[in-house]
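This report concerns only the one structure given below.
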Amino acid sequence: MVFSSLTFLLLFLPLTLALYFVRRGMRWRNAVLLICSLVFYAWGEPVFVLAMLFVVLVVYAGALLYSRMEKPVPKKLMLFLTLLLALSGLLYFKYGAFFLNTVLPLFGSTSVASQARLPLGISFFTFQAITYAVDVYRGNAAAQKNPALLLLYISCFPQLIAGPIVQYSDIACELTERVTTLDDFSSGMRRFAVGLGKKVLLANVLGEMLSEMPSADASAAAAWMIAGLFALQIYFDFSAYSDMAIGLGRVLGFHYQENFRYPYLADSVSDFWRRWHISLGSFFREYVYIPLGGNRHGAARTVLNLLIVWFLTGLWHGASWNFVLWGLYYGCFIILERFAFQRSLRRVPRALRIAGTLIVVLFGWALFYQTDLSLCGRQMLAMLGLVQTGGALRFISALDTATVQVLRTYTGFPLIACALSLPILPRIKAALASNTRAWRTGQLFETLLLTAVIVLCVMNLVSDSYNPFLYFRF
Amino acid sequence: MKRKLSFLAILWWLLLSGMLGIGMLLFADRASVASEDENRMLAAFPSPTWETLRQGGYDEAFEDFLCDKFLLRTQILNAVKAAKHVFSALSAEELLYGDTDEEDELLVEIPEEEQTVTQQTETAASTEETEQQPQETAEEAQGTAEEAVAGAESDTASVWLEKRDGTQTALLTYSRAEVQSAADVLSAYAEALPEGGAVRALFAPRAQTANQFALHTDTVDGWSSDVESMLSAMVSDGVEVYSAVDILGPHILSGEYVYFRTDHHWTTLGAYYAAKALLEGAGYLTVPLESYSTALETGFLGSIYLKDRNAKLKSYADTVTIYEPLLPASSFIVSNAYRKAELPVIDETQTGYKAFLGGTHGPYRVLDGGYQTGHNALLICDSFGNAIAQFLATRYDSVYMVDFRPAYYSREAADGSVTEYIRRCGITDIYVVLSESDGIGTRYVDTLMPENLK
Numbered sequence: 013m014v015f016s017s018l019t020f021l022l023l024f025l026p027l028t029l030a031l032y033f034v035r036r037g038m039r040w041r042n043a044v045l046l047i048c049s050l051v052f053y054a055w056g057e058p059v060f061v062l063a064m065l066f067v068v069l070v071v072y073a074g075a076l077l078y079s080r081m082e083k084p085v086p087k088k089l090m091l092f093l094t095l096l097l098a099l100s101g102l103l104y105f106k107y108g109a110f111f112l113n114t115v116l117p118l119f120g121s122t123s124v125a126s127q128a129r130l131p132l133g134i135s136f137f138t139f140q141a142i143t144y145a146v147d148v149y150r151g152n153a154a155a156q157k158n159p160a161l162l163l164l165y166i167s168c169f170p171q172l173i174a175g176p177i178v179q180y181s182d183i184a185c186e187l188t189e190r191v192t193t194l195d196d197f198s199s200g201m202r203r204f205a206v207g208l209g210k211k212v213l214l215a216n217v218l219g220e221m222l223s224e225m226p227s228a229d230a231s232a233a234a235a236w237m238i239a240g241l242f243a244l245q246i247y248f249d250f251s252a253y254s255d256m257a258i259g260l261g262r263v264l265g266f267h268y269q270e271n272f273r274y275p276y277l278a279d280s281v282s283d284f285w286r287r288w289h290i291s292l293g294s295f296f297r298e299y300v301y302i303p304l305g306g307n308r309h310g311a312a313r314t315v316l317n318l319l320i321v322w323f324l325t326g327l328w329h330g331a332s333w334n335f336v337l338w339g340l341y342y343g344c345f346i347i348l349e350r351f352a353f354q355r356s357l358r359r360v361p362r363a364l365r366i367a368g369t370l371i372v373v374l375f376g377w378a379l380f381y382q383t384d385l386s387l388c389g390r391q392m393l394a395m396l397g398l399v400q401t402g403g404a405l406r407f408i409s410a411l412d413t414a415t416v417q418v419l420r421t422y423t424g425f426p427l428i429a430c431a432l433s434l435p436i437l438p439r440i441k442a443a444l445a446s447n448t449r450a451w452r453t454g455q456l457f458e459t460l461l462l463t464a465v466i467v468l469c470v471m472n473l474v475s476d477s478y479n480p481f482l483y484f485r486f
Numbered sequence: 050m051k052r053k054l055s056f057l058a059i060l061w062w063l064l065l066s067g068m069l070g071i072g073m074l075l076f077a078d079r080a081s082v083a084s085e086d087e088n089r090m091l092a093a094f095p096s097p098t099w100e101t102l103r104q105g106g107y108d109e110a111f112e113d114f115l116c117d118k119f120l121l122r123t124q125i126l127n128a129v130k131a132a133k134h135v136f137s138a139l140s141a142e143e144l145l146y147g148d149t150d151e152e153d154e155l156l157v158e159i160p161e162e163e164q165t166v167t168q169q170t171e172t173a174a175s176t177e178e179t180e181q182q183p184q185e186t187a188e189e190a191q192g193t194a195e196e197a198v199a200g201a202e203s204d205t206a207s208v209w210l211e212k213r214d215g216t217q218t219a220l221l222t223y224s225r226a227e228v229q230s231a232a233d234v235l236s237a238y239a240e241a242l243p244e245g246g247a248v249r250a251l252f253a254p255r256a257q258t259a260n261q262f263a264l265h266t267d268t269v270d271g272w273s274s275d276v277e278s279m280l281s282a283m284v285s286d287g288v289e290v291y292s293a294v295d296i297l298g299p300h301i302l303s304g305e306y307v308y309f310r311t312d313h314h315w316t317t318l319g320a321y322y323a324a325k326a327l328l329e330g331a332g333y334l335t336v337p338l339e340s341y342s343t344a345l346e347t348g349f350l351g352s353i354y355l356k357d358r359n360a361k362l363k364s365y366a367d368t369v370t371i372y373e374p375l376l377p378a379s380s381f382i383v384s385n386a387y388r389k390a391e392l393p394v395i396d397e398t399q400t401g402y403k404a405f406l407g408g409t410h411g412p413y414r415v416l417d418g419g420y421q422t423g424h425n426a427l428l429i430c431d432s433f434g435n436a437i438a439q440f441l442a443t444r445y446d447s448v449y450m451v452d453f454r455p456a457y458y459s460r461e462a463a464d465g466s467v468t469e470y471i472r473r474c475g476i477t478d479i480y481v482v483l484s485e486s487d488g489i490g491t492r493y494v495d496t497l498m499p500e501n502l503k
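The listed protein sequences derive, respectively, from chains X and A.
Using the working numbering, read the first sequence as starting at 13 and increasing by one per residue.
Using the working numbering, read the second sequence as starting at 50 and increasing by one per residue.
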């Protein structure tokens, strides 16, 4: 099941909230939430619920065992075993075929391993299980004796399939004690509505535009348009899901961390990654970079640690070499910013830094979008105004008819999407806050607008029968 | 106060949503019903089976059911499409066939667009994908045209749009290998006929292609084709190839209504001209069109409109002219060479193009026009055959029809190969009338026709 579906909006959400709030007791609410979350996952992936249950069982048992151990070596060994078992599902389903297809040719084999069907959200719930296991190991949280609560933490439907990656220590208390105020309910549902609008009315339309674009090497404009449209699509798609997850979490009494902070206003690559998929960056910092030693062992080791982290970040996004290159691409830029350009960057005006970062990011999205490396190369060349024919490079045409056709079909829409990717509405709200009357009018307008957004979303969903989130690959 | 207002609004939304969802579960029609507007079967309520639950297809089927049976679905679809087209700067004409503006010449390279095959689920009034053909620059077109006229040595054959400024645009292009493959199939069918019989083949452009000519007669001189000459050089003696381009071109130039605007089919007038050429080629005289009584249906919005429901196309609504059969005619579904259920010849319960023979049915159909000639014909066609069949029937006792697309035909249902049907039904002539979607270079001709011959 996905949030942007009639099944969720017309059946699952109203019924779940009705059952959840019909009684005040935490046991009742946790039971309802757990059962509904399992139904939410099983609705689309009935067999793969077992994969999730396996991961939960492994970290539950492992954490209970090593939390009682006092000797560091066996404790560490037990943690390692727990993590290995927890990751085994992810490694098999997501990376098994990729690993075999990379290694086997080295031994002269021509056989091709086929990709196993990937359980939805396996990357997310596996990482959440890892945060629990490590938080317990470090003593940041007590081992959870109630398996149902641990299962609830991992399977909680708002963040189950596409994050944000919620660290156990952040919400451990809220598993047993949480309150939903009127404000929480209203603002949570408003946040959900905003996310739904971003997904259905923006991301999906951008996806349609992308599907109608010609190949990236049709012209320079096509190459840049594809990169730009994809940048907007993936931002709205993913941030929409985060909005909906955070909003629903708030309705249910959970307070999740923000996952996006207007990333296309970043003035450096490092800043971009402090604004984009923040929970993933936090995870890799807390659970990979710092345990590797971080920046505590000299420059060379820091560079190595960063490369490992960014290699894994890329690999996490997909079992394909273009994702690995994409991760390393950002890793290199971050290393350069930290060790080579830190001082000189500060002297560049902010607007130029933002523009430069945006160009780097757009090239990065070209690497991300084209899973075929040769197509990726052609797109990047086209973005530089070049095309390779035969063995020679020549200049590519600036524009092509198909791109013009798409622009004329969706006239103005990309500009609206660009504007909405900036914090214009929050700035307007902040400006209105100083005037009580304007603020009240603004609130009323916001309520009416969000109601209209919901209606439009439902209408759009009626006309589109199936509507997956991009990040379901992960 | 405002917090309560916001809370109340959300509560009402949740309540209404829940009521709508539960209402649909309880009261919506759970059967799969046909939607005339969308020309497809709407989703039924899915039954949970172990297979769908295991493989995860149940959620999609359930979602499809909710979407397809939603309250006021058609109105919502129209509203959504209208809202999307607010952003569109495309003119109605561009929507009809895609832009081929002369300003394209200012752009350096016009990319090749993929050709897609739309056989499996195409019905009489719907097209999910449009085929767009490569366009060449004038110099390349000139070179290719000269080679095609020579015929034998060219690697490609095209249908050309001849513009008044002397340039040419390729509307459709086929490789030599594709034409050869079609020629081999047609020749194989000719071998299956008894002595004296012939295969008469005609591959017709769709309206999206033809209207690039028909709607621009002020800037276009005409169109031409070297496809048929290449094909004719490759087929055996028992095959006659007819050029829809040559047949319909003069009528288009004189402003006759031979193709619909908002639907991909030819009109009955276009079908009549094609039938006339085919029958006259066989040595028959044809019944003049004036002999028929007609009925008109106005306001027809066909497949091109239904694809995007763009309101700009409503002003191009078509008129369907029905020519009533001259003699009492009847039509049947045929299986195992026997007549089964009766079908209407002109289906008054259907609108638009589906009025002809009530749309496409399978595995075989037969149209008995009421004539006694001692000959029977087999019409191998797609939906373009539905409009032409009644004109062919004036020269045959029976016209058997088959559409090999998987939505309408299976070997099991037919219970016999084409060769068997030729023998059992006394077929003396075969007509192959296919649109560009199912013609040369498509799975229909290259795969479906040969595998169903024997």
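Beta carbons: idealized from backbone N, C-alpha and C, even for Gly.
Separation of residue j from residue i, as counted between CA atoms
i, j, result
"D229/X", "A243/X", "18 Å"
"E188/A", "S227/X", "The predicted position of E188/A is uncertain, since its pLDDT is 38 and thus under 50; no value can be drawn from it."
"Y387/A", "T335/A", "29 Å"
"E82/X", "V300/X", "23 Å"
"L25/X", "K53/A", "21 Å"
"L194/X", "L45/X", "19 Å"
"A366/A", "T423/X", "26 Å"
"P160/A", "D412/X", "With a pLDDT of 30 at P160/A, under the threshold of 50, the modelled position of this residue cannot be trusted; read the value that follows with caution. Rounded to whole angstroms, P160/A to D412/X spans 7 Å at the Cα level."
"G305/X", "T314/X", "8 Å"
"V34/X", "L65/A", "18 Å"
"R114/A", "I183/X", "Looking at the sequence provided, one finds Phe at residue 114/A rather than Arg. Going from the Cα of F114/A to the Cα of I183/X covers about 38 Å."
The beta strand (DSSP E) enclosing residue i, as first and last residue numbers
i, result
"G271/A", "269 to 274"
"N425/A", "425 to 430"
"K403/A", "Looking at the DSSP string, K403/A is not in any beta strand (DSSP E), and its letter there is neither H nor E."
"R406/X", "404 to 407"
"I489/A", "Element bounds for I489/A: n/a, residue is neither H nor E."
"Y268/X", "No beta strand (DSSP E) contains Y268/X, which DSSP labels as neither H nor E."
Extent of the continuous alpha helix (DSSP H) to which residue i belongs
i, result
"A259/A", "256 to 263"
"R41/X", "38 to 56"
"F139/X", "134 to 150"
"Y322/A", "317 to 330"
"Y341/X", "333 to 351"
Beta-bridge partners of residue i, as assigned by DSSP
i, result
"S379/A", "D417/A"
"R287/X", "In the DSSP output, where bridge partners are listed per residue, R287/X has none listed."
"Q217/A", "E211/A"
"F252/A", "L483/A"
"R388/A", "V383/A"
"L345/A", "T370/A"
"M450/A", "R414/A, L428/A"
"V115/X", "V115/X is not bridged to any residue."
Other residues of its chain near residue i: CB distance less than 6 Å, five sequence neighbours each side excluded
i, result
"A326/A", "Y291, I296"
"A80/A", "A93"
"E177/A", "Here the model assigns E177/A a pLDDT of 34, short of 50, so the residue's position is not dependable, and the following value carries that caveat. Closer than 6 Å at the Cβ level, and outside the excluded window around E177/A, lies no residue."
Sequence-distant residues of the same chain with beta carbon closer than 8 Å to residue i, five excluded per side
i, result
"G330/A", "R249, E289, Y291"
"P377/A", "G419"
Residues of its chain near residue i, where Cβ-Cβ distance is below 7 Å and the 5 sequence neighbours each way are ignored
i, result
"F433/A", "A253, H314, W315, V482, L483, S484"
*Using a Cβ cut-off of 7 Å, which residues of the region 94 to 125 of chain A contact any Cβ in chain X, in chain order?*
Residues passing the 7 Å Cβ filter: L102, R103, G105, D108, E109, F111, E112, D113, L115, C116, F119, R122, I125.
*Looking at chain A, which residues of the region 407 to 430 of chain X have a Cβ within less than 7 Å of any of its Cβ atoms?*
Here the close residues are S409, L411, D412, T413, A414, Q417, R420, T421, Y422, T423, G424, F425.
*Could you please tell me which residues of the region 361 to 383 of chain A, in chain order, have their CB closer than 7 Å to any CB of chain X?*
Hits within the stretch: zero.
*Scan the region 54 to 74 of chain A for residues whose Cβ lies nearer than 8 Å to a Cβ of chain X and list them as they occur along the chain.*
For the region 54 to 74 of chain A, residues whose beta-carbon sits nearer than 8 Å to a beta-carbon of chain X comprise L54, S55, F56, A58, I59, W62, L63, L64, S66, G67, L69, G70, I71, M73, L74.
*Contact residues within the region 176 to 204 of chain X, judged by C-beta distance below 8 Å to chain A*: Within the region 176 to 204 of chain X, the residues whose Cβ lies closer than 8 Å to any Cβ of chain A are, in chain order, L194, D195, F197, S198, M201, R202.
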